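Structure record follows, encoded as structure tokens.
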Amino acid sequence: MKMKNLEKIIKEAISSNKCKIGTRQVMGSIRGSKLIVLSNSLMSRNKSKILEEAKSAQVPMLNYDGNSVQLGRLCNKTFRISALSLRIGKDNEIQELLSEFGNK
């Protein structure tokens, strides 16, 4: 169920062009984001930079329980995605998603 909800939010963001894909893109768009999704294969130094920025901007983060290939597939892309920022989604949907994945 949690994957369906995540997939729904991601597809909605991609179709309406309300997301940024990739570490550099995410770093530049944290302030306007509603949710950051990180794969477990993101390099630790990049992860800590994004974490720090997201915390200061009070943007919730979701640690996706899969690698960058799996996150890319979830986004219906043919390439790896280590980080993704979403600028769309209802607050209650995002909170529900975070609690499903065990993130706060």
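Number 233 marks the last residue of the sequence shown (my numbering); no jumps. Ideal placement from N, C-alpha and C gives every residue a C-beta, glycine not left out. For clarity, every value in this text was computed on a predicted model and none was experimentally measured.
Within 10 Å of its beta-carbon, does residue i have 16 or more other beta-carbons around it, so buried, or fewer, so exposed?
i       : result
Gly-157 : exposed
Val-166 : buried
Thr-207 : exposed
To the nearest angstrom, report how far apart residue i and residue j are at their CA atoms.
i       : j       : result
Met-132 : Glu-141 : 14 Å
Leu-191 : Ile-217 : 15 Å
Ile-150 : Gln-187 : 20 Å
Asn-248 : Ser-211 : This structure cannot settle anything about residue 248, because the visible part of the chain is limited to 130 through 233.
Arg-160 : Asn-205 : 25 Å
Starting from the C-beta of residue i, find all residues in its chain whose C-beta is less than 8 Å away, skip the five residues before and the five after it, and write them out in chain order.
i       : result
Lys-178 : Met-156
Ile-143 : Cys-204 and Asn-205
> How do the region 219–230 and the region 168–178 stand: do at least 3 beta-carbon pairs fall below 8 Å, yes or no?
Replying inline: no
> Enumerated in chain order, which unbroken segments of the beta strand (DSSP E) with a length of 3 residues or greater are wholly contained in the region 192–217?
Replying inline: 212–215
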